[in-house]
Every structure is written in C-alpha cells, then in structure tokens.
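Down below is the structure, laid out as structure tokens.
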Amino acid sequence: MVKFEDIKGFVFDLDGVIADTSVYHSKAWHQLADELGVAWSDDLAENLKGVGRMDSLNLILKTGGKENAYTEEEKEKYAAKKNTNYLSLLKNMNASAILPGISDFLKTLEENDYRLSLASASKNSPLVLEQLGLAKYFEKRVDPTTLKHGKPDPEIFARGAEVLGYKPEQCIGIEDAKVGVESINAAGETSVGIGDPKILHEADINFTDTTQLTLANIKAAMKVGEH
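Whatever position you read off the sequence shown (first residue = 1), add 257 for our numbering.
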C-alpha cells in the first residue's frame, strides 16, 4: 500500500458515498421492473449499485429471463423512462440527503489542500451535486458519456485521477459498491469501501458507514497497512 503522505487527491463515487441517491435509483428501477413484469428483490437492488443505465436495464431483463424480448430501440425507450422517473423523484432531494459526516469530510479535505474529483456513472450527477449544495467541491468531474467501459473496468477511476493531474497511486478512490471497489483497485488507486466488509472485502480500507470516513481514520488505516 502507498504511504498516506503520497496521497494528493480523492476520487469519489456519488451514489451511496456522498448522498443516498441509490434510494431514488432503486425506486425508479423498481417502477420499471414492475412494468416489465420482472420480480424485484434485495439482491437485484444490490447488483444494480454503481452500474450504468443500459447495463442495469439488461441485468433486470436477464433476471426476468427477458434478455431477448426487446429490441435495442425499445430498451433505449425503457432506459429513458427510468431516467424520467428518477429525475421526478430527485426534485424532492436537498442537503438532508447528504450522508452523515460527508459535509465535514469534504471541508476537511478542502482545508488540507486535497483535490477532489467525481467518478460517477450517473449522467445526472451535476444536477444531484447542485441539489445537495456540494458542487463547489467538485470542479473536476469525469464525464460518463466519454467512457467506453463501465465499472468494474478501471476506466472511470483512472480518468478521475487523470482529470486532477495526478497518478493513480497518488489518489484514494471511495466507493460503496463491489464493482466500484474492483474498478478502483484495477486503476491502481487505494480503495476505501463504505459498507458491509463481507461484500467489500477487496477494499484496501473498509468503513461500515460514512460517519467513519475521516482523514484521521484513513491515515491510521494506511499506517497500519505499512507495517
């Protein structure tokens, strides 16, 4: 593991790390799954975390044994419908959706001159940041429309370091999804997983929730890793 002193930047996922937008995504996908006649489950909801829009739709269809039931054009329409549902749910979002401890963590990073970027697969992330009042922290963002591969491919987190002008080993990536942690690791960054350590066991550092996400805790965990 790299030394804490070598870290210059932090690359953030959005859903489940900065704010609980996954709730809104789940509701919107659940609505669409019902319409498509696919049974919704906690496992399906978990597997959709951190996954792009079309990949999510294909996963839902596969789960229901309907992967060949629709043309690409029809799939595009369903994906667009999900997004419309999601955006209408988002209108109710405000700073109360920011996960516990995140506002303080972002302030601390800014005060200590770390640079931050956003690596979210969501095309709506700029809108979400505005709604939350956190856009000022994330001047650098990865544009998901420019990516060729979704998580767990390293592309999005590699780009997250690149937009900051840093090497991957100078950055810490923060994720709450298994595919996201795999993406961070494959990009060569230090991974922090937020959530169940059984699911996120591949993370270099694991915190069960965002209240534990502090610079001091990351420093302590990296010092332990050096020995």
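Just so you know, even glycine gets a beta-carbon here, dropped at the ideal spot from N, CA and C. Model, not experiment: these values are computed from the prediction.
Practice task
Please go through the same chain and pick out, in chain order, the residues whose beta-carbon is closer than 6 Å to the beta-carbon of G452, but skip the five residues on each side of it.
Solution key: Taking the first residue of the sequence shown as position 1, residue 452 is located at position 195. Same-chain partners within the cutoff: D433.
Practice task
Select from G266, L271, F261, I264 the residue whose C-alpha is nearest the C-alpha of L384.
Solution key: Counted from its first residue, the sequence shown places residue 384 at position 127. It is L271.
Practice task
Rounded to whole angstroms, what's the CA-CA distance from K393 to V449? Just pull it up for me.
Solution key: Your numbering for residue 393 matches position 136 in the sequence shown. Your numbering for residue 449 matches position 192 in the sequence shown. Between K393 and V449, the alpha-carbon positions lie close to 23 Å from each other.
Practice task
Give me whichever residues DSSP pairs with T447 in a beta bridge.
Solution key: Working through the sequence shown from its first residue, we reach residue 447 at position 190. In the DSSP output, where bridge partners are listed per residue, T447 has I429.
Practice task
Note down the Cα distance separating I359 from G273, rounded to an integer number of angstroms.
Solution key: Residue mapping note: residue 359 aligns to position 102 of the sequence shown, counting from 1. Residue mapping note: residue 273 aligns to position 16 of the sequence shown, counting from 1. One C-alpha to the other measures close to 11 Å.
Practice task
Using the DSSP secondary-structure output, state which residues sit across from V268 in a beta bridge.
Solution key: Position 11 of the sequence shown, counting from 1, holds the residue named residue 268. V268 pairs with S374, G430.
Exercise for the section: Leaving aside the five residues before and after G417 along the sequence, list all residues of the same chain whose C-beta is less than 6 Å from its C-beta, in chain order. Expected result: As a working mapping, residue 417 is identified with position 160 in the sequence shown. Excluding sequence neighbours, G417 sits near V268, S374, A376, V399.
Exercise for the section: Could you work out which residue in V420, H458, G321, I429 is closest to V255 when comparing CA atoms only? Expected result: No information on residue 255 is available, as it lies outside the stretch 258 to 484 that the chain covers here.
Practice task
Please classify N463: does DSSP put it in a helix, a strand, or coil?
Solution key: Here residue 463 corresponds to residue number 206 of the sequence shown, with the count starting at 1. Of the three classes helix, strand and coil, the one that applies to N463 here is strand, per DSSP.
Problem - D300 - containing alpha helix (DSSP H), residue span - result: For this step, residue 300 is matched to residue 43 along the sequence shown. Where D300 is concerned, the enclosing alpha helix (DSSP H) stretches over 299-304.
Handout entry: Euclidean distance between Cα positions of L389 and R372
Key = One-based indexing of the sequence shown puts residue 389 at position 132. One-based indexing of the sequence shown puts residue 372 at position 115. Looking at the two C-alpha atoms, the distance is approximately 19 Å.
Handout entry: Residue interval of the alpha helix (DSSP H) (run including H282)
Key = Here residue 282 corresponds to residue number 25 of the sequence shown, with the count starting at 1. 279-293 is the extent of the alpha helix (DSSP H) around H282.
Handout entry: Integer-rounded CB distance, given that A296 should sit under 8 Å from I317
Key = For the purposes of this step, residue 317 is identified with residue 60 of the sequence shown, where counting begins at 1. For the purposes of this step, residue 296 is identified with residue 39 of the sequence shown, where counting begins at 1. With a Cβ gap of about 10 Å, I317 and A296 do not count as contacting.
Exercise for the section: Would you identify the three-state DSSP class for K397, choosing helix, strand or coil? Expected result: Here residue 397 is taken as the residue at index 140 of the sequence shown, counted from 1. If DSSP states are grouped into helix, strand and coil, K397 belongs with the strands.
Problem - Rounded straight-line distance, which links the Cα of Y327 to that of L356 - result: The residue labelled residue 356 in the question sits at position 99 within the sequence shown. The residue labelled residue 327 in the question sits at position 70 within the sequence shown. Rounded to the nearest angstrom, the gap between the Cα atoms of L356 and Y327 is 37 Å.
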